[in-house]
Amino acid sequence: MVPAVIPLDRLRNFSIIAHIDHGKSTLSDRILELTGAVQAREMREQYLDSMELERERGITIKAQNVRVSWRDHVLHLIDTPGHVDFGYEVSRSLAACEGVVLLVDASQGIEAQTLANCYLALEHDLEVVAVLNKIDLPAADPERVAGEIERVLGIPASSVLSISAKTGAGVPALLDAVVERIPAPSGDATAPLRALIFDSAYDQYRGVVSSVRVVDGTLVAGARLRFLQARATHDVEEIGVRTPAPVPVAELGPGEVGYLIAGIKNVGEARAGETVTEAGRPAPEALAGYAHPKPMVFCGLYPVDGDDLADLRDALEKLSLNDASFTYEPETSTALGFGFRCGFLGLLHMDIVRERLEREFDLSLIATAPSVEYRAVLAGGEVVTFDNPSEMPDARVERIEEPYLRATVLTPSEFTGTVMDLCQSRRGEMVKMDYLSPERVELAYRIPLAEVVVDFFDQLKSRTKGYASLDYEPDGYVASELVRVDVLLNGAPVDAFSTVVHRAKAYDYGRRMTAKLADLIPRQLFDVPIQAAVGGRIVARETVRAKRKDVLAKCYGGDITRKRKLLERQKEGKKRMKSIGRVEVPQEAFVSALRLEE
15 MVPAVIPLDR
25 LRNFSIIAHI
35 DHGKSTLSDR
45 ILELTGAVQA
55 REMREQYLDS
65 MELERERGIT
75 IKAQNVRVSW
85 RDHVLHLIDT
95 PGHVDFGYEV
105 SRSLAACEGV
115 VLLVDASQGI
125 EAQTLANCYL
135 ALEHDLEVVA
145 VLNKIDLPAA
155 DPERVAGEIE
165 RVLGIPASSV
175 LSISAKTGAG
185 VPALLDAVVE
195 RIPAPSGDAT
205 APLRALIFDS
215 AYDQYRGVVS
225 SVRVVDGTLV
235 AGARLRFLQA
245 RATHDVEEIG
255 VRTPAPVPVA
265 ELGPGEVGYL
275 IAGIKNVGEA
285 RAGETVTEAG
295 RPAPEALAGY
305 AHPKPMVFCG
315 LYPVDGDDLA
325 DLRDALEKLS
335 LNDASFTYEP
345 ETSTALGFGF
355 RCGFLGLLHM
365 DIVRERLERE
375 FDLSLIATAP
385 SVEYRAVLAG
395 GEVVTFDNPS
405 EMPDARVERI
415 EEPYLRATVL
425 TPSEFTGTVM
435 DLCQSRRGEM
445 VKMDYLSPER
455 VELAYRIPLA
465 EVVVDFFDQL
475 KSRTKGYASL
485 DYEPDGYVAS
495 ELVRVDVLLN
505 GAPVDAFSTV
515 VHRAKAYDYG
525 RRMTAKLADL
535 IPRQLFDVPI
545 QAAVGGRIVA
555 RETVRAKRKD
565 VLAKCYGGDI
575 TRKRKLLERQ
585 KEGKKRMKSI
595 GRVEVPQEAF
605 VSALRLEE
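Next up, the structure:
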């Protein structure tokens, strides 16, 4: 049984942060095993990654927390994602900690996300315990990588620990270092209760289950709580800790982390960053909470079957509680009907959200091409922002600005040329180039976000045999020569296929889209022209030839004039159909034409 309230000096709260694939989830598994939190017969790989999608892709998407005991101390561990798109999950997790374990692959060395996550921890003023992982690999070079950590991050090489998360070597020494180096949490047990919700998930049987970090006071089972931002009151049904199985407790004291269930059915009342206090003795002010993340990539999500719109709305609401970093609002499309315009932190984030909606809520969806948020400056100085190409203003536009990123690429020096070529082909401007060691280069570029969101990451990986790593952050807006490319079927524009591109790439996009649609749209009873237009000018065209119904099948022998009359009548009918007939575009054509992978 978990003790009621643990003395502050016996508590340690820490996160594991690292680049993708440097062994965070494996280290979490070893810690669970070593501390006896999970029995050997129940152990499985990626134990804390509870989502089916995480186990399939081998990545962590949601930060997970667990409480373990080590040498009469209670350690609270948070396993965080490593991909740049889920940096928001990392920053939220760090707000519940006093220190971090920074994991670095002993063969690959420092990568882009290692730097980004380390700087994030330093911004939160956290103690950093640097650790080299995978020392059992033949390619491991701990001395070189420890020197790199000292040179780049300023952490003395002598204090860097060496472990193998796979075999468990060095993990006990790491847990000892966590106890020694990471400070105990602070908090006043007699003050009014203040607890921070740093994550929430929706359970269809129990309502909202929130992960909370108690800052001051004591959270007691059965208490009446006030949620300061939502201005709502609820009675506590259950509080507990994850060990990793949920274990109910009577109370949580300052510095402790656990879960809270208060029968909340409205998902908006327990968002991440919410401050919880007692209704009878409220805290004078709320905790700082979190800066809300700004979406960088936008797309429309539409149900394949229009009757599923209400289900899609409910699914988005429930998912946004579990992942507060995406936004959504209703929109309509002449081609696709009613749907939602959604904003994401990146392309992987968008892909994961779409797949979770389809799997967890059993929906069939069409996603439009991804776009970013542009700014149009009109003649009177008014600024209009838009992320949907169909909302791009046509008249009185002085200039259009697009968002730029500062992208940092770490690559082995042999691939420097091919990485520079890729960045320059995407309109990137080099900011700096540093050699971290004779074998590794850090390249910094300013590059348009629109050029990065589609397939930049895939191209980078394939050109560098998977060795390069990428990190990016927003870097303001820059005026560019941007145009909207419209796709017209039989003379009528189809808004779902419109996109905003740089003028130099308009012809290329138009040619690819018309060629793709020509393959996908079935033949009608009349010729269907597929055109790509910039403004009023057609830049590309394909034609789907008419299929010909054999009107002469019933005619045999006899007078040629009868056949001619039937053919003339068919010609007239086709002309009339063409003038009033709408082109039938099957749903599969939308799904295939807007597929991101291509």
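Heads up: the sequence shown begins at 15 in the working numbering, then just goes up one per residue. No residue lacks a Cβ here, since even glycine has one placed at the ideal position from N, Cα and C.
Assigned secondary structure, residue i (DSSP; H/G/I helix, E/B strand, else coil)
i: R537; result: coil
i: H516; result: strand
i: Y613; result: No statement about residue 613 is possible, as the shown extent of the chain runs from 15 to 612 and does not include it.
i: R24; result: helix
i: H36; result: coil
i: S378; result: coil
i: I45; result: helix
i: Q584; result: helix
i: E141; result: strand
i: Q401; result: With the sequence shown as reference, residue 401 is identified as Asp, and Gln is not the correct amino acid for it. D401 falls in the coil class under three-state DSSP.
i: G353; result: strand
i: M310; result: coil
i: Q78; result: strand
i: K446; result: strand
i: D522; result: helix
i: T432; result: helix
i: D150; result: coil
i: G320; result: helix
i: T291; result: strand
i: P268; result: coil
i: P507; result: strand
i: D489; result: strand
Span separating the alpha-carbon of residue i from that of residue j
i: N504; j: A547; result: 13 angstroms
i: R420; j: V114; result: 26 angstroms
i: Y570; j: A324; result: 57 angstroms
i: P407; j: R245; result: 40 angstroms
i: K530; j: K279; result: 45 angstroms
i: E405; j: K585; result: 39 angstroms
i: G550; j: P507; result: 12 angstroms
i: G524; j: P462; result: 20 angstroms
i: N131; j: I124; result: 11 angstroms
i: A51; j: D86; result: 14 angstroms
i: F358; j: F312; result: 6 angstroms
i: Q243; j: A293; result: 13 angstroms
i: S39; j: G272; result: 20 angstroms
i: G320; j: Y342; result: 18 angstroms
i: E374; j: S107; result: 24 angstroms
i: D190; j: D23; result: 15 angstroms
i: E270; j: I20; result: 8 angstroms
i: L89; j: L25; result: 6 angstroms
Cross-strand partners of residue i (DSSP beta bridge)
i: I31; result: L116
i: S494; result: I414
i: N131; result: In DSSP, N131 forms no bridge with anything.
i: D249; result: R238
i: Q438; result: Partner(s): none; Q438 has no beta bridge.
i: S9; result: This structure gives no information on residue 9, because the portion of the chain shown stretches from 15 to 612.
i: V222; result: Y216
Residue nearest to residue i in terms of C-alpha spacing, selected from the options
i: D337; options: D472, Y219, L436 and F212; result: F212
i: G161; options: A560, L175, R389 and C313; result: L175
i: L362; options: M310, A130 and F375; result: M310
i: A235; options: Y219, V261, L242 and E556; result: V261
i: C437; options: L48, E288, D472 and D322; result: D472
i: A187; options: T49, G572 and R220; result: T49
i: V501; options: K479, I544, L539 and P462; result: I544
i: G277; options: C132, V222 and L474; result: V222
i: A109; options: V542, A135, R208 and V166; result: A135
i: R555; options: Y216, L566, D541 and K561; result: D541
i: T422; options: M434, V193, E416 and R413; result: M434
i: I169; options: L117, A179, P206 and R477; result: L117
Cβ distance (whole Å) where residue i is taken to contact residue j below 8 angstroms
i: D485; j: Q127; result: 6 angstroms
i: S339; j: A284; result: Not quite, the Cβ-Cβ distance comes to about 16 angstroms (not below 8 angstroms), so this is no contact.
i: V250; j: A237; result: 5 angstroms
i: R526; j: V514; result: In fact, because the Cβ distance is near 15 angstroms, the residues do not count as touching under 8 angstroms.
i: D155; j: G201; result: Their Cβ separation, rounded to whole angstroms, is 42 angstroms, which puts D155 and G201 out of contact at 8 angstroms.
i: R413; j: H516; result: Not a contact, Cβ separation roughly 14 angstroms.
Min CB distance residue i to chain D below 8 angstroms
i: A329; result: The structure shown has no chain D; it contains just one protein chain.
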